[in-house]
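Participant: Sharing a structure with you now.
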Amino acid sequence: MPIPTTPTTPTTPPRPKLSAGRRFARGGWKHLAAVAACVFALFPLVYAFSASLSASGSLLGSNQLFSDITGANYANLLSDPQNPYLTWFGNSLFVSVSTAVGTVLMGAAAAYAFSRFRFRSRRGGLLALLVIQMFPQLLAFVAIFLLLFAISEVYPVLGLNSRLGLVAVYLGGALGANTFLMYGFFNTIPRDLDEAAELDGASHAQIYWTMILPLVTPILVVVGMLSFIASFSDFLLAQIVLQDPEKYTLAVGLYQFVSVQFGENWGVFTAGAILAAIPVVVLFLFLQRYIVSGLTGGAVKG
Amino acid sequence: MSTSTTTRDGTAAAGTTGGDTGPGAPRERRHAHSRGFGPGFVVKLVLMALINAIGLFGILAAWAAGSWGILVFLVAALLAADLVYFLPARKLLPAKYLFPGLVFLLVFQVFVLVYTAATAFTNYGDGHNATKDAAITQLTTTYEQRVEGSEAYAVTVLEGPDGLALAAVQDDRVLVGAADRPLAPLEGAAVTDGRVVEAPGYEVLSYGEVVGAQDELGELRVPVSGQAEDGALRTDDGRTAYAYEPTLTYDEAADAMVAADGTVYADNGEGAFAGPDGEALRPGWRVFVGLDNFGAIFDPAVLGGPFVAVTLWTFAFAVLSVALTFFLGLLLAILFNDEKLRFRNVYRAIVFLPYAFPAFLSILIWAGLLNTDFGFVNEVLLGGTGVPWLENPWLAKLSLLLVNLWLGFPYMFLVTTGALQAIPGELYESAEMDGAGPVRQFGSITLPMLMVAVGPLLIASFAMNFNNFNVIYLLTGGGPQDLESTTGVGATDILISFVYKIAFAGGTNDYGLASALSILIFIMVAVVSALTFRRSKALEEIS
Chain A
4 MPIPTTPTTP TTPPRPKLSA GRRFARGGWK HLAAVAACVF ALFPLVYAFS ASLSASGSLL
64 GSNQLFSDIT GANYANLLSD PQNPYLTWFG NSLFVSVSTA VGTVLMGAAA AYAFSRFRFR
124 SRRGGLLALL VIQMFPQLLA FVAIFLLLFA ISEVYPVLGL NSRLGLVAVY LGGALGANTF
184 LMYGFFNTIP RDLDEAAELD GASHAQIYWT MILPLVTPIL VVVGMLSFIA SFSDFLLAQI
244 VLQDPEKYTL AVGLYQFVSV QFGENWGVFT AGAILAAIPV VVLFLFLQRY IVSGLTGGAV
304 KG
Chain B
436 MSTSTTTRDG TAAAGTTGGD TGPGAPRERR HAHSRGFGPG FVVKLVLMAL INAIGLFGIL
496 AAWAAGSWGI LVFLVAALLA ADLVYFLPAR KLLPAKYLFP GLVFLLVFQV FVLVYTAATA
556 FTNYGDGHNA TKDAAITQLT TTYEQRVEGS EAYAVTVLEG PDGLALAAVQ DDRVLVGAAD
616 RPLAPLEGAA VTDGRVVEAP GYEVLSYGEV VGAQDELGEL RVPVSGQAED GALRTDDGRT
676 AYAYEPTLTY DEAADAMVAA DGTVYADNGE GAFAGPDGEA LRPGWRVFVG LDNFGAIFDP
736 AVLGGPFVAV TLWTFAFAVL SVALTFFLGL LLAILFNDEK LRFRNVYRAI VFLPYAFPAF
796 LSILIWAGLL NTDFGFVNEV LLGGTGVPWL ENPWLAKLSL LLVNLWLGFP YMFLVTTGAL
856 QAIPGELYES AEMDGAGPVR QFGSITLPML MVAVGPLLIA SFAMNFNNFN VIYLLTGGGP
916 QDLESTTGVG ATDILISFVY KIAFAGGTND YGLASALSIL IFIMVAVVSA LTFRRSKALE
976 EIS
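Quick note, the sequences are listed as chains A and B, same order.
For what it's worth, the working numbering labels the leading residue of the first sequence as 4, then goes sequentially.
For what it's worth, the working numbering labels the leading residue of the second sequence as 436, then goes sequentially.
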């Protein structure tokens, strides 16, 4: 849903937002409140990082923060054949990157069509997309399971227990969730550009691939990121589709891992969590500016 | 209309190929055809050949598997794809860009929604998985008894061209048969100690292979002769077989299963054969049950009790999550909005971190932190008090809200920060001149202006939390569980995790009931969305 009214970069000039009295007392309490918020935000993460380095490896033993530092949990994590962590990691990256690329290609193409062409069912199509996106695909997980079960007989590579099948399911939501986000952005690219290119003899495909797509890169990045993160973090659908430990994504694998031996392998789990979070956190920080504008554009997480 | 002057087709399959790089002279513009054989056209040709190959393979496989629905869809989709990408009609231009996304949308979103609705009106689930014919076949093979006075056969398990087969030695003759071939003499087999050790055209399975094929072997019935009353060979250990005959036979004229003792199990109209005492045979088959599943949801004896409680908690959870995250986020946004606050960029980056950390991981970390006996919160922060954070129904709810607050407040912080910048400073200046204090300014300017921008996001956040499966499932698993409930519902289950339990995790898998519940959630989400729909600007943008 595009809500284009919230620019995010702090560009407005300074203004006296708070009264003089407040400003006077600013120094101390504001920093106190800010530090409190930071502690609240940070302590589970610091705790997890400390637990991943702890020598004891159990839940109880992880409570003394940074009392000892060892890489044993990380070594265990990467060497345990029972829990093929690196395979899960690879699966997650494969599923999420495929989903992100597919979502961007399909969403951008659809948004381009809606933004640039005038065809008979255009308005109806946009309206239908708006209505469909209100029904989360997540809720149809029973039917998704049954559908993939049926597909297994025809295309085993796309059916149950298949990573490609999971990607296909995620791609099913590509248009509904993202077309509007992209459509609004495509509309901000002046049509005069298309017309000029066309007078120069460019084909639609040329205009689309070599002119429009580079111009809308920011929104492509946002949609790609959000789609990557959503599929990377999805648990429910992945859990239903993937049944073989070799095929698990990180979300399914790590959950099975802790749900089976909750307390004992805590150190190894937290090591796995820290490593798993790195790609996402790095992406987030690296593309913070884009993502923030995308978020205010309407996507949500928590 | 700016696009009315466009005359040439794009040559590329949308979302897949490179552009048409053929020579583009302006005088060719009237030519509404993908012309030329540039690299773009070649790429398109290769991709379409691939798609056609995959599609044709699927059509054949669907034919072989008898999946008629998939077959029809594949034929239609393949025809449509070829028409869209090869017909030189200008009207098809938008379709070239829409087609790939639409195919996925139709299959994995629209179809599954329709299928959910359809399943909600059936008894699909454990014991009602397949068609009536399949149920009859299974009943006939499941209910059987040893043929009276029949001898034991020393058998060998073989792997034949059509699956598993059994070889037996009788009167110095070697007999071989498979599921659909009665025992028949086989020439040229080698026998040692009264047991077949070699059979031409077959592979003799080793002991290990027999163990590996145990399930398949248990299903194997080899007819002793062409006569049904002679029974069929069945072996449990792969070494000795006995002739069994079905104790239930299907009487086509009466449409009923008849037992050996004469009891008639008639079609009870609810997808099963039931005897005179009303006892239904399992498995049954899928039938249309009308509104029964919806009735069960509201029936106090079946689901009614938990359904009401779960629904109330779902709404409470979603509303409170949005409210708490919004207020904490807004508070911090206002706090950090002060340009003179030192280190505010550092603070911002730190407060942002919970959002960047993948939620499924942080929820599991929180589950460890809140563990009653060993968790950090009890052991370190509370000095070993042993508060049952996740085991007590009310504390579990509180914990969920706390964890969801942690997960969600950075997002609200970000969006409110963005929205605050958009409020023009002159408003505050004039308010100050009119003598309005900070409280008045907040209530009359900040909040109303903020809600215009953030309101739709709050609704989206509500809808998202309404179906926030991850946090519930990973933190409490819906627990603490109500032990008296057959569905395994717990104190913190929200509707979607409840559906999951009914469909996959409870004692029985009831897809019909789960789908009916999904439909109700759809309706609730739709009502909430419709109530807020008019406020959304989205409609206005469709011009």
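Note that CB positions come from ideal geometry on N, CA and C, so glycine has one too.
1) Take Gly176 (chain A) and list the residues in its own chain whose beta-carbon comes closer than 6 Å to its own, dropping the five residues that flank it on each side.
2) Using a Cβ-Cβ distance cut-off of 8 Å, determine whether Arg465 (chain B) contacts chain A.
3) Based on Cα-Cα distance, which residue from B:Glu714, B:Ala898, B:Glu864 lies nearest to Val960 (chain B)?
4) Give me the Cα-Cα distance between Val962 (chain B) and Gln136 (chain A), rounded to the nearest whole angstrom.
5) Please go through the same chain and pick out, in chain order, the residues whose beta-carbon is closer than 6 Å to the beta-carbon of Ser964 (chain B), but skip the five residues on each side of it.
6) According to the neighbour-count rule (16 or more other Cβ atoms, all chains shown, within 10 Å of its Cβ), is Tyr520 (chain B) buried or exposed?
7) Give me the Cα-Cα distance between Leu930 (chain B) and Ala701 (chain B), rounded to the nearest whole angstrom.
8) So the candidates are B:Gly719, B:Ala831, B:Leu948; which of them puts its Cα closest to the Cα of Phe1003 (chain B)?
9) Taking the runs of the alpha helix (DSSP H) that are 4 residues or longer, which of them lie wholly in the stretch 470-535 of chain B?
10) Can you tell me which of the three DSSP states Leu836 (chain B) falls into?
11) Quick test of the definition: if touching needs 3 or more C-beta pairs under 8 Å, does the stretch 761-768 of chain B touch the stretch 247-257 of chain A?
12) Starting from Glu198 (chain A), follow its DSSP beta bridges and name the residues at the other end.
13) Under 7 Å: does the beta carbon of Asn164 (chain A) sit that close to some heavy atom of the ligand PLP?
14) Is the CB of Gln85 (chain A) under 8 Å away from at least one CB in chain B?
15) Looking at the C-beta of Ile215 (chain A), does it have a partner C-beta in chain B at a distance below 8 Å?
16) If you measure from the beta carbon of Gln649 (chain B) to each beta carbon in chain A, is any gap under 8 Å?
17) Just the C-alpha distance for Pro159 (chain A) and Leu882 (chain B), rounded to the nearest angstrom, thanks.
18) Could you pull out every residue in the same chain whose Cβ sits closer than 7 Å to the Cβ of Ala516 (chain B), ignoring the five residues on either side in sequence?
19) Opposite Asp702 (chain B) in the DSSP bridges: which residues?
20) If you follow the alpha helix (DSSP H) that Asp686 (chain B) is part of, which residue opens it and which one closes it?
21) If we define contact as Cβ-Cβ less than 8 Å, is Phe97 (chain A) a contact residue for chain B?
22) Gly31 (chain A) CB to nearest chain B CB: under 8 Å?
23) Using a Cβ-Cβ cutoff of less than 8 Å, which residues in the same chain neighbour Leu286 (chain A) once the five nearest sequence positions on both sides are dropped?
24) In the DSSP assignment, the beta strand (DSSP E) including Leu68 (chain A) goes from what residue to what residue?
25) How about Leu966 (chain B): is its C-beta nearer than 8 Å to some C-beta of chain A?
26) Can you have a look at Phe289 (chain A) and say buried or exposed, based on whether 16 or more other CB atoms are within 10 angstroms of its CB?
27) Looking at the C-beta of Asn558 (chain B), does it have a partner C-beta in chain A at a distance below 8 Å?
28) Please state the DSSP three-state secondary structure of Thr557 (chain B).
29) Is it buried or exposed, Leu62 (chain A), if we count other Cβ atoms within 10 angstroms and call 16 or more buried?
30) Is Val547 (chain B) close to chain A? Criterion is C-beta to C-beta, closer than 8 Å.
31) Name the chain A residues that come within less than 7 Å of Gly803 (chain B), Cβ to Cβ?
32) Taking only beta carbons into account, state which residues of the stretch 723-747 of chain B come closer than 9 Å to chain A, listed in chain order.
33) Quick check on Gly878 (chain B): buried or exposed, where buried means 16 or more other Cβ atoms within 10 Å of its Cβ?
34) When DSSP labels each residue in this structure, what does Thr967 (chain B) get in the three-state scheme?
35) Is His468 (chain B) close to chain A, meaning its C-beta is less than 8 Å from at least one C-beta of that chain?
36) Taking the runs of the beta strand (DSSP E) that are 3 residues or longer, which of them lie wholly in the stretch 613-665 of chain B?
Facilitator: Let me spell this out:
1) Within the same chain, and ignoring the five residues on either side of Gly176 (chain A) in sequence, the residues whose Cβ sits closer than 6 Å to its Cβ are Gln140.
2) In this prediction, Arg465 (chain B) scores a pLDDT of 41, lower than 50, which makes its location untrustworthy; the coordinate-derived value is nonetheless stated afterwards. Nearest CB-CB separation between Arg465 (chain B) and chain A: not below the 8 Å threshold.
3) In this structure, B:Ala898 is the residue among B:Glu714, B:Ala898, B:Glu864 with its C-alpha nearest to the C-alpha of Val960 (chain B).
4) The alpha-carbon atoms of Val962 (chain B) and Gln136 (chain A) are separated by roughly 14 Å.
5) Excluding positions up to five away in sequence, the list is empty.
6) Under a 10 Å Cβ-count criterion, Tyr520 (chain B) is classified as buried, with 16 or more other Cβ atoms of the shown protein chains found around its own Cβ.
7) CA-to-CA, the gap between Leu930 (chain B) and Ala701 (chain B) works out to about 37 Å.
8) An answer regarding residue 1003 (chain B) cannot be provided, because it is not within the stretch 436 to 978 covered by chain B.
9) Those alpha helix (DSSP H) runs which fall completely within the stretch 470-535 of chain B and span 4+ residues are 474-500, 503-521.
10) Per DSSP, reduced to three states, the secondary structure at Leu836 (chain B) is helical.
11) No, they do not touch.
12) BP columns for Glu198 (chain A) are empty, so no partner.
13) Looking at this structure, you won't find the ligand PLP or any other ligand, since it has none at all.
14) Not an interface residue.
15) Not one chain B Cβ lies under 8 Å of Ile215 (chain A).
16) No - not a single Cβ of chain A is within 8 Å of the one on Gln649 (chain B).
17) The alpha-carbon of Pro159 (chain A) is positioned some 54 Å away from that of Leu882 (chain B).
18) A distance below 7 Å between beta-carbons, with the five flanking residues on each side excluded, links Ala516 (chain B) to the following residues of its chain, in chain order: Ile486, Phe534.
19) Listed as beta-bridge partners of Asp702 (chain B) by DSSP are B:Phe708.
20) Careful: Asp686 (chain B) lies outside any alpha helix (DSSP H), inside the beta strand (DSSP E) at 683-686.
21) No, because no Cβ of chain B sits closer than 8 Å to the Cβ of Phe97 (chain A).
22) Output row for Gly31 (chain A): interface = no.
23) Take Leu286 (chain A), set aside five residues on each side of it, and the residues of its chain with a beta-carbon closer than 8 Å to its own are Met228, Phe231, Ile232, in chain order.
24) Careful: Leu68 (chain A) lies outside any beta strand (DSSP E) and carries neither H nor E.
25) It does not: the Cβ of Leu966 (chain B) has no partner Cβ on chain A nearer than 8 Å.
26) Exposed, since its Cβ has fewer than 16 Cβ neighbours within 10 Å.
27) With its beta carbon at least 8 Å from every one in chain A, Asn558 (chain B) lies outside the interface.
28) Residue state, collapsed to three classes: strand.
29) It counts as buried.
30) At a cut-off of 8 Å between C-beta atoms, Val547 (chain B) counts as an interface residue with respect to chain A.
31) Chain A residues near Gly803 (chain B): Leu62, Trp269.
32) Against chain A - using a Cβ distance shorter than 9 Å - the stretch 723-747 of chain B contributes no residues.
33) Here Gly878 (chain B) is exposed: its Cβ has fewer than 16 other Cβ atoms, across all protein chains shown, within 10 Å.
34) DSSP places Thr967 (chain B) in helix when its eight states are reduced to three.
35) Low confidence applies here, because His468 (chain B) scores a pLDDT of 42, under 50, leaving its location unreliable and the question unanswered by this model.
36) Complete beta strand (DSSP E) runs here, min 3: 616-620, 625-627, 630-633.
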